[in-house]
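Worksheet for the structure shown next.
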Amino acid sequence: DDLDTLPYPTELPRHDFLAPDFDAQTYLSSLRNRHQTLEDLRADLRQRSQLLNRELLDLVNGNYEEFLSLGGDLKGGDEKVEGVRVGVLGFRREVEGVRRAVWERQREVKALLGERKGLSRDVAVGRGLLEVEERLVELESGLRITESEGTDDDDDDDDDDDDDDDLDDDEEDETVDGSSLSSRQITRLEWHARQYVLLLRLVERSGSSHPFLHDRTSRIEAVRKTLLLDLAVALRSAKGDGRSADVLRVAGLYGVLGAEGDGVRVLKGS
Numbered sequence: 001d002d003l004d005t006l007p008y009p010t011e012l013p014r015h016d017f018l019a020p021d022f023d024a025q026t027y028l029s030s031l032r033n034r035h036q037t038l039e040d041l042r043a044d045l046r047q048r049s050q051l052l053n054r055e056l057l058d059l060v061n062g063n064y065e066e067f068l069s070l071g072g073d074l075k076g077g078d079e080k081v082e083g084v085r086v087g088v089l090g091f092r093r094e095v096e097g098v099r100r101a102v103w104e105r106q107r108e109v110k111a112l113l114g115e116r117k118g119l120s121r122d123v124a125v126g127r128g129l130l131e132v133e134e135r136l137v138e139l140e141s142g143l144r145i146t147e148s149e150g151t152d153d154d155d156d157d158d159d160d161d162d163d164d165d166d167l168d169d170d171e172e173d174e175t176v177d178g179s180s181l182s183s184r185q186i187t188r189l190e191w192h193a194r195q196y197v198l199l200l201r202l203v204e205r206s207g208s209s210h211p212f213l214h215d216r217t218s219r220i221e222a223v224r225k226t227l228l229l230d231l232a233v234a235l236r237s238a239k240g241d242g243r244s245a246d247v248l249r250v251a252g253l254y255g256v257l258g259a260e261g262d263g264v265r266v267l268k269g270s
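Numbering (full-length UniProt numbering), first residue to last: 1 to 270.
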């Protein structure tokens, strides 16, 4: 086993020493598999150190003028640093100004959005109030609580006159002594009852405490009383004529209005 017959180890790679996390002990421990004596390794490293020294000397000689002017370039550096610092402070003030402007604009936009929401809410409430008024006027007109504007012989409103004539024909079927009411009139009462319930829902949705609705409380109550009176006449007439189907229809309308007790009293009293 002659050691001279073993292959001579290759030169240590230069890039191994350039690793950012290079550690001498770790690197030496990784060389245990090299067929090289400690003296040969020392000689190799010593040669590598001498080579680096020569390269460093050549680098200094090659850039000698630059090294000499380095000191001169560093003179006046304080003034330059101060200029940079002043510039940075000025930029910082500008950034703070922009930030304040953005914050102010954000606050303005938030206030405008809140105002817009408030206006949208007011518009929705206004539309609801107008719908309440329209349906209330329609019920008052249908129940003959208020006098309709215009005359029956107006030639410009032929269609409206025809509708009024139909309603008048229905009224002719109803007499003071409680004579029979037609099925068509009961259908009309059903429509009025549904419209009244819808009116109450609109009032509740718009807020019954609103001054506009508060002023119309008496009118809404008058519509309810008129409806109950018409239902009482219809119920007595249907019961007197023995029309059980119409009795059930009219009695159901009392339930729609939440006045079941009034219906029971009418049936017992008739």
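We treat Cβ as the ideally placed atom computed from N, Cα and C, and that holds for glycine.
Span of the alpha helix (DSSP H) around residue i
i      : result
Leu18  : Note, Leu18: premise wrong, no alpha helix (DSSP H); not H, not E.
Gly269 : Glu260 to Gly269
Ser30  : Note, Ser30: premise wrong, no alpha helix (DSSP H); not H, not E.
Leu217 : The amino acid occupying residue 217 in the given sequence is Thr; Leu does not appear at that position. Thr217 to Gly240 is the extent of the alpha helix (DSSP H) around Thr217.
Leu248 : Ser244 to Val256
Per-residue DSSP class, three states only, for residue i
i      : result
Gly207 : coil
Thr187 : helix
Arg42  : helix
Glu11  : coil
Leu130 : helix
Leu167 : Any reading at Leu167 must be qualified, since the residue scores a pLDDT of 41, below 50, and its modelled position is unreliable; the value itself is stated next. Three-state result, Leu167: helix.
Gln47  : helix
Gln195 : helix
Asp213 : Before going on, a small fix: residue 213 reads as Leu here, not Asp. Residue state, collapsed to three classes: helix.
Leu139 : helix
Arg144 : coil
Gln25  : helix
Buried versus exposed, by CB contacts within 10 Å (16 or more), residue i
i           : result
His214      : exposed
Asp165      : Note that Asp165 scores 46 on pLDDT, short of 50, meaning its location in the model is unreliable and no value can be drawn from it.
Arg121      : exposed
Tyr27       : exposed
Leu253      : buried
residue 324 : Here the chain has residues from 1 to 270 only, and residue 324 is not among them.
Leu139      : buried
Leu231      : buried
Gly263      : buried
Proximity test, residue i beta-carbon vs the ligand ADP heavy atom, cut-off 6 Å
i     : result
Gln47 : With respect to small molecules bound, the structure shown includes none, and the ligand ADP cannot be examined in it.
Contained alpha helix (DSSP H) runs [length at least 4] in the segment 54 to 122, N- to C-terminal order: Taking 4 residues as the minimum length, the alpha helix (DSSP H) runs contained wholly in the segment 54 to 122 are 64 to 74, in order along the chain.
Contact the segment 189 to 207 vs the segment 224 to 231: 3+ CB pairs below 8 Å: Verdict: yes, contact present.
Any 3 or more C-beta pairs closer than 8 Å across the segment 235 to 252 and the segment 206 to 222: Too few Cβ pairs lie closer than 8 Å, so no.
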